[in-house]
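Everything on this sheet refers to the single structure shown next.
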Ligand SMILES: O=C(O)CCC(=O)C(=O)O
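Encoded structure:
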């Protein structure tokens, strides 16, 4: 991981998960893309309460999706929650049913905590994932659906088993800054001082935010990990425009 552009800042906050200062790491990915990581976003006990609630009460499904011309059972459980009237989300040929925030009140509490940590944000949809062990994963992809616009902010809260979250730069001309450079990638990297891969171990109660052009220029994944035996629940808050 590039340490050159890694800043640690503290943001005083108020509210439930607060009365303390959240330590943020801000990682500048280059070309107007940025990641923020807050390891201790929600307090430990609260995080376990939310984990237990979500594990028991969310109507999890494991849909069949279509990737690279093949039908596969999605390798993790999922559920979609959205404010009524938004453009419907479709990914990998699958259109999830939109559940209501009102049916799962703790989701509104988590959303409120996220909004407090990210002033100016206003999320109206949520994709929840449950990884029941190390064989569950999400492959390389970007959340670059048109309904989120060109520079979506995506806030990802994790509970339960720690898993690796990897960001890898897309191999496109655009991702080199749009300069059409013919230089080898290694050389360009040296010049920019930006790494093309970043790995985060997402802790119980952490928040990771992707911003700017991260979805246009980067892929992300949570790979299989044989040693990750326990369940992990992840919530990704998004704004449908
Ligand atoms: O589980 C995670 O941390 C990532 C989930 C994800 O990539 C997605 O929902 O698009």
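Numbering (the UniProt record's numbering), first residue to last: 1 to 241.
Backbone N, C-alpha and C fix where the C-beta goes; we use that ideal spot for every residue, glycine too.
First and last residue of the uninterrupted beta strand (DSSP E) at residue i
i	result
residue 113	That residue, residue 113, is in no beta strand (DSSP E); its alpha helix (DSSP H) goes 105-117.
residue 77	77-82
residue 73	70-73
residue 141	138-141
residue 120	Careful: residue 120 lies outside any beta strand (DSSP E) and carries neither H nor E.
residue 92	Segment: none, residue 92 is in no beta strand (DSSP E) and carries neither H nor E.
residue 126	125-131
residue 195	No beta strand (DSSP E) contains residue 195, which DSSP labels as neither H nor E.
residue 160	154-160
Residue i (DSSP reduced to helix, strand or coil)
i	result
residue 57	helix
residue 168	strand
residue 241	coil
residue 147	helix
residue 181	Any reading at residue 181 needs caution, since the residue's pLDDT is 48, under 50, leaving its predicted position unreliable; the model's value is listed next. Of the three classes helix, strand and coil, the one that applies to residue 181 here is coil, per DSSP.
Ligand 3 heavy atom lying under 7 Å from the CB of residue i
i	result
residue 33	This structure lacks ligand 3; its bound ligands are ligand 1.
Strand pairing of residue i, partner residues [DSSP]
i	result
residue 100	Paired residues: none, contrary to the question.
residue 62	Residue 62 pairs with nothing; no bridge assigned.
Nearest-angstrom Cβ-Cβ length linking residue i and residue j, presumed shorter than 8 Å
i	j	result
residue 222	residue 104	Not confirmed; about 23 Å, so no contact.
residue 204	residue 162	7 Å
- Message: Restricting to runs no shorter than 3 residues, where is the beta strand (DSSP E) found entirely within the stretch 198-236?
- Response: 206-212 and 218-222
- Task: Jot down the residue ranges of each uninterrupted beta strand (DSSP E) in the stretch 14-48, minimum 3 residues, whole runs only, in chain order.
- Result: 21-30 and 33-38
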